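Okay, so here's the structure we're looking at.
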Amino acid sequence: MTRSPPLRELPPSYTPPPRTAAPQILAGSLKAPLWLRAYFQGLLFSLGCGIQRHCGKVLFLGLLAFGALALGLRMAIIETNLEQLWVEVGSRVSQELHYTKEKLGEEAAYTSQMLIQTARQEGENILTPEALGLHLQAALTASKVQVSLYGKSWDLNKICYKSGVPLIENGMIERMIEKLFPCVILTPLDCFWEGAKLQGGSAYLPGRPDIQWTNLDPEQLLEELGPFASLEGFRELLDKAQVGQAYVGRPCLHPDDLHCPPSAPNHHSRQAPNVAHELSRGCHGFSHKFMHWQEELLLGGMARDPQGQLLRAEALQSTFLLMSPRQLYEHFRGDYQTHDIGWSEEQASTVLQAWQRRFVQLAQEALPENASQQIHAFTSTTLDDILHAFSEVSAARVVGGYLLMLAYACVTMLRWDCAQSQGAVGLAGVLLVALAVASGLGLCALLGITFNAATTQVLPFLALGIGVDDVFLLAHAFTEALPGTPLQVPTVSWQERMGECLQRTGTNVVLTSINNVAAFLMAALVPIPALRAFSLQAAIVVGCTFVAVMLVFPAILSLDLRRRHCQRLDVLCCFSSPCSARVIQILPQELGDGTVPVGVAHLTATVQAFTHCEASSQHVVTILPPQAHLVPPPSDPLGSELFSPGGSTRDLLGQEGETRQKAACKSLPCARWNLAHFARYQFAPLLLQSHAKAIVLVLFGALLGLSLYGATLVQDGLALTDVVPRGTKEHAFLSAQLRYFSLYEVALVTQGGFDYAHSQRALFDLHQRFSSLKAVLPPPATQAPRTWLHYYRNWLQGIQAAFDQDWASGRITRHSYRNGSEDGALAYKLLIQTGDAQEPLDFSQLTTRKLVDREGLIPPELFYMGLTVWVSSDPLGLAASQANFYPPPPEWLHDKYDTTGENLRIPPAQPLEFAQFPFLLRGLQKTADFVEAIEGARAACAEAGQAGVHAYPSGSPFLFWEQYLGLRRCFLLAVCILLVCTFLVCALLLLNPWTAGLIVLVLAMMTAELFGIMGFLGIKLSAIPVVILVASVGIGVEFTVHVALGFLTTQGSRNLRAARALEHTFAPVTDGAISTLLGLLMLAGSHFDFIVRYFFAALTVLTLLGLLHGLVLLPVLLSILGPPPEVIQMYKESPEVLSPPAPQGGGLRWGASPSLPQSFARVTTSMTVAIHPPPLPGAYVHPASDEPPWSPAATSSGNLSSRGPGPATG
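Numbering-wise (the working numbering), the sequence shown opens with residue 13 and increments by one.
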C-alpha cells in the first residue's frame, strides 16, 4: 500500500477549523456498520493490492492448484442404481432395505422382461384370435432369442427363472424334469395350448418322439412309465400341484393348426375359442394350484357387463422371468458347460444383459409396420441403459454452452476504445470459471461424492452461469476509476487499482457466494441421496468458483491493466494500440464572473474532499475545501439528483462516453449507449414515478396471488415417463404400462425378535389387515391366499387327512407306516415329535394330537419341525409363496422305507428372522394413490407391532414414493431455514437488518411465485424441484443484494438512492442474468424432456423472476420502505469557520482555513455539488428530500474513502 498524499498537496489557503464545528459535514448515522464494513473492505483492499503486486505468481499457482484438483475427475463414479439414488438416507425405508439385504443379499430373486401389446387404433378391442395370434408371434420371437458369448450359446431355457424344481429319487425322471421343467412366463397365451410353444425344453425317452410341452400329457406319461419305475411320489407331487394334462388339455387358439392336440376341447369342432370367456378368470401355468395369473396381470383396459363378465380389453401383457446374475452364476458354477471359461458373476451379468437387449430388439421388430397391433418391450437392462444415457455427459452440449458463453463475454466486454476494451479478460474469465467448475467436481470425486444425472446434465451449466456473474461484476468495476482517481492521476497509484476494485465490489461477491453456498447446503437437507449429492457438489463448485474469482481473476485483471498501461491491443496484446490509453482529468475553468452560463440547466462543482474520523464523536467527517470550479453537466432527465462524477471514467458496468475531453480515438455514436446509460436516462426516471410505483406493486401483487393459486395445482410425483425421452419406444412402453398395468409387486416382511410359533394368530390378523387395503389386489374367491403360512397350514391339513385315512384303513399302525401313503407317512413322523431333545419321540401322540388344531393354528412344539418337512416336501408351494425364509430351514429327505429309524428324527428349523407375504397393489396412478397405500400399509404394521409382530412393507412403492409423505414438510423447513440464514448473513455483512429483511421478503416472494408457476407448467413436486426451489433463495441473492447494497451506501432521499443504485447495478445484474440464461440455454437442447422441463424451464423462470424482482420490485420497495442512508449530510453552522456570502449570480463561494488538523486522514476524493435551478415545465421532478436545498448531490459512501479505515461501499 502506498503512502497517503502529503499535506502539502492540500490547498495552501486552507486553515484548520475548530473541532467543535465543521463546514459541510457528512456524518455517519450508523457508526458500527460503517466501521465494520470499512475494516472488512480494508482487508479486501490489502488483498487486491497484494494480488496485483504478485499477479503472475498468483495466476500460476492458482491455475496449478485448480488444474490439480480437476484431475480428480478421473476418479469420478457415476451412480445409476435407483435404490442408491432415491432411497432416503437414514430413513426407516433405508433401514428396512438394509435389513432385507443383510438377510437375503443384494439382489432380487428374478428380473422381469415384459411385452405389452396395444392396438394402433386407440380403444380397439384386443380380445380376438387375430390379436392373440400376433401376440403369440411376438412372444414366440422373443422366447427364441439366443446370444453367443464366451463360446457358448445362451437361450431362454438356460437363463430363465424356474419356480420350485422338485427333487426326485428316480434318476431318469429327475433328468427329464430338469430338461422339461418350464420357465415362469406370465402370459395370456397360457389360457390356450399355444402357451406351450413358449417353453423351449425337451426330453428324450426311448421309443417316443421328443417330449415337449406342446405334446406332453403328464397323466398319460405316468401311466406309460408306471410298470417300469416307482413314480408314486412324483405322481402325488403332480396331483398336489394340479398339473392334470398341462397344456394339451387347453383349447387351441387356432384349431386349424396341424399340431393342435386331439385332447384340446375344440380340436374336433375346429371352432375358434371365445377369447374373452377363456381369459375372464385369468390363466394358469402348468400348475393350476400354484401358477395362477390373475386378469389384472394379463389384460389392461378391461370392460365388463353388469354381471361382471369380461367383454373387452385394450392391452395384453406377457412377462418373462429370468434368473438374477448371482442365481445364474450359482446355477452354472462347476457345470461342464462353463468349466473352461472362468465362469464368474460378472460374466453371468453380461450374458443376461446381452440376452435382454436382443429380446427387446427382436420383440419390437416381430410385427410388420402395417400390422393392426403394436408391441412394446422393456427389460431391467433397458432401464439401466436409460439411466446410463441419462447420466452421460454430453460433450457437445458442454462445449457448445461454454463456447456460447465465451462469445458473449468477449462481445459484451469489447469496446471501440482499445484502452477500455476487455474482450481478453472476458475470455479468460469464462475459461477460469470453467476450470473452477472442473476443479470443484474433481474435488467432489476425491471426497467420494458420487455423480448422477443431475451432476452431469445440469451442474456444469448452472455453475457456469452463476460463476460468470461475479466475473462480469469485477471486470467492469475494475475499469471504473473512482471519482477524482482516474487511471493515471497521481492521487491513487495504478498499482492500487485492484485493491480499489475489491474494496468496492468484493463485499457483493462475498455476500452472493456465501448465500449461494448456504442455499445449496440447505438443499442438502433433502434426504434423497441423488439430490443431496447434487447439492453438496453445487456448494463445493460454487465455493471453488468464488475462490477463483476472488483470488485468480484479480491477477488476470492486473495483467490486463499492464496491457492497457502499455497501450496494447485487446485480445491481440502483442500489437500496440492506435488509441491512447490515457484518461486525463480536466478540471473545468472557473467562471470569471461567477455567473451561471446561459442555457445551463444546473451546475456542478468538482472539489477535493477530505475524510476525517473524529475521535471524540466517532463520526466519519468529510470536509469540502474552498477550491470550486463550475462546469455545465450533460443533460439529465433526473435533474441534478443523478449525475456522473467528474472524475469517473466509466460506470460500474459501462462507460459514460460523454466526457468533456475525448481520447484520441473517438467511438461511434451507437457505441456510447450502454445499460448504465439506459438505467440512468430511461429506466429509473420512469420506474420511480409515483404512478409507476403503484402499477408495479399492483402487478407484482397480482403475480403473487396468481402464483399462490398455481401452488394449489402442483401435484407430487415423478414417474419414469417424466424422465424417459418422449417419442422413444421406451417412453411408449412406460406410458402403456402406466395406463393399463399399474400393478406393483410388494411384500409384507416379518422380522425376527418374536416367536413365530406362538404368534400365528397375530400373523394371520396382519395378513388380513393388509389384504383389506384398498390398493391390494385380492385373490380369486376360489383360491387360498398366496402366503407361506396359509400354504404351510393347508399342506399340514392335507397330510393329516391322508394319515387319518391310512389309520382308519389300517395301512398305518402305531409301529409301521410303510403301507401307508407318502403323505400319511410324513404325518406319522410329525405326529410323534415332542420337541424334547431328551425324549424326541412319543408314539402315543399319533391319535391324541393334530397337526393343525380346531382354531387353524399349528402346535408351537411342531411348528419349526413341520416347517423343515414342508420346505423339503412341497417345493412348488414354497416357490409360489415367495417366503424367502432366513435362516433357511435345513434340508431333510423323507425316506419311506428307512429301517434304521434315523429318518424319524426331524431337525427343527431355526427361529425365523425373515419371511414375507407377497401382495399385488393395483390402481396406483397418482402420487396420492401411492401415499394412501403406504399410509395404510404402515398403519397395518403398526397395529401388528402392538401385538408383538415386527413387520414392514417392502417394494418399489415404499422405496421411491415414501419420500412424499414428508417431502413438503422437508421443503418448507429447508426454505424457512435458508431464509433465516440469508437474513443473518445479509444482516451480518450489510450490518443493516432493515435491508436484510427487505431482501428476504423479495426472496420469499420469488420462491412462492416460482412454486406457483411450476403448477401452471405441469411440473410435479419431487425431490428435484425441491432442490431448485431451495436453491432459488441463494440464486435470487445474485439479483437483489447489489441493488440493496447500492441503495444502502448512497446518500440522499429514498427516490434518489434507489435511482442511483439502479444506475450502478442495472448493468451487472442484467449481464449476470443473461450469462445465467446462456449457461442454461444448452439444457434446452437435451433429448431428455425431463431436463428441459424440470431444469431448463424452472431455472429460466427463476432467472427471469430474479431479474424482475431485483430491478423492478426491489427498487420500488426501497424507494418506499428503504432504510435511512448510512452516511447523511449534516449542517453545522459556525460563524468562526463558515461565513458564506450570498451567492452572486448563482456563484458558489467557500470560506475555509488553509490547512487541516493533524487528526484528519490524508485521503482525497472527489465530490460534486449541484445547484438546482427551478425545474423546466414538464420536467420530471424528484420528491423533495429531507436535506437542505443547497446540499451536495448524492454521493456513494464508497466515495468517502479510498482505502484505509474510512467507510466505503461494498
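We put the beta carbon where it would ideally sit given N, CA and C, even for glycine.
Given the structure is predicted, the values throughout are model-derived calculations rather than measurements.
Annotation for Leu543: Ala1035 and Val1039 place their beta carbon closer than 6 Å to its own, counting only its chain and skipping 5 residues before and after. Here Cys295 is buried, its C-beta having at least 16 other C-beta atoms within 10 Å. Glu757 has Leu932 as its beta-bridge partners, per DSSP.
Ranked by Cα distance from Lys164, the first of Pro277, His351 and Asn93 is His351.
Contact between the segment 476-493 and the segment 434-446 is present: 3 or more CB-CB pairs across the two stretches fall below 8 Å. Put simply, the backbone Cα of Arg345 is about 15 Å away from that of Thr362.
In the DSSP assignment, Tyr898 is bridged to Phe926. Between Glu100 and Leu109, the C-beta gap is not smaller than 8 Å, which leaves the two residues out of contact. As the crow flies, the alpha-carbon of Leu879 is around 21 Å from that of Leu250.
When Leu201, Arg293 and Arg823 are compared, the shortest CA-CA separation from Val260 is found for Leu201. Gly511: member of the alpha helix (DSSP H) spanning Arg509 to Ala535, first to last residue. DSSP, read as helix, strand or coil, puts Cys953 in helix. About 5 Å separates the beta carbons of Leu1033 and Asp728, which is inside the 8 Å limit, making them a contact pair. When DSSP reads this structure, Ala963 sits in a beta bridge with Thr762.
Looking from the CA of Phe473, the closest CA among Gly1134, Leu1126, Val1124 and Ser1098 belongs to Ser1098.
Cα atoms of Phe695 and Asn520: separation of roughly 23 Å, rounded to the nearest angstrom. Along the segment 392-444, the beta strand (DSSP E) does not occur as any fully enclosed run of 3 or more residues.
A distance below 8 Å separates the beta carbons of Thr1112 and Leu1089. Apart from the 5 residues on each side of it in sequence, Ala1020 sits with its Cβ closer than 8 Å to the Cβ of Leu716, Ser719, Leu720 and Ala723 in its chain, given in chain order.
When the beta-carbon positions are compared, Leu755 and Leu932 come within less than 8 Å of each other. A buried status is given to Glu1075, since no fewer than 16 other beta-carbon atoms sit within 10 Å of its beta-carbon.
Runs of the alpha helix (DSSP H) lying entirely within the segment 337-367, each at least 4 residues long, are 337-344 in chain order. Taking a contact to require three or more Cβ pairs closer than 8 Å, the segment 905-923 and the segment 808-817 do not qualify as touching. Leu687: member of the alpha helix (DSSP H) spanning Leu687 to Phe690, first to last residue. When C-beta atoms of the segment 875-891 are compared with those of the segment 170-177, three or more pairs fall below 8 Å, so the two segments count as touching. For Ala327, the beta-bridge partners assigned by DSSP are Thr130 and Gly312. With distances taken between CA atoms, Ala704 lies nearest to Pro1127 out of Asp396, Leu168, Arg409 and Pro1127.
The C-alpha of Thr468 lies about 27 Å from the C-alpha of Val726. Listed in chain order, the alpha helix (DSSP H) runs fully inside the segment 706-730 amount to none, counting runs of at least 4 residues. Contact holds between the segment 281-291 and the segment 137-155, because three or more Cβ pairs, one in each stretch, are under 8 Å apart.
Taking 8 Å as the upper bound for CB-CB distance, Ala959 and Leu760 are not in contact here, some 14 Å apart.
About 5 Å separates the beta carbons of Trp807 and Asp886, which is inside the 8 Å limit, making them a contact pair. Rounded to the nearest angstrom, the Cβ distance from Gln434 to Thr517 is 15 Å, too far for a contact under 8 Å. If you draw a 10 Å sphere on the C-beta of Asp835, you find 16 or more other C-beta atoms in it, and that means buried.
Here the alpha carbon of Pro267 sits roughly 19 Å from the alpha carbon of Ala151. Residue range Leu732 to Val735 is occupied by the alpha helix (DSSP H) that includes Asp734.
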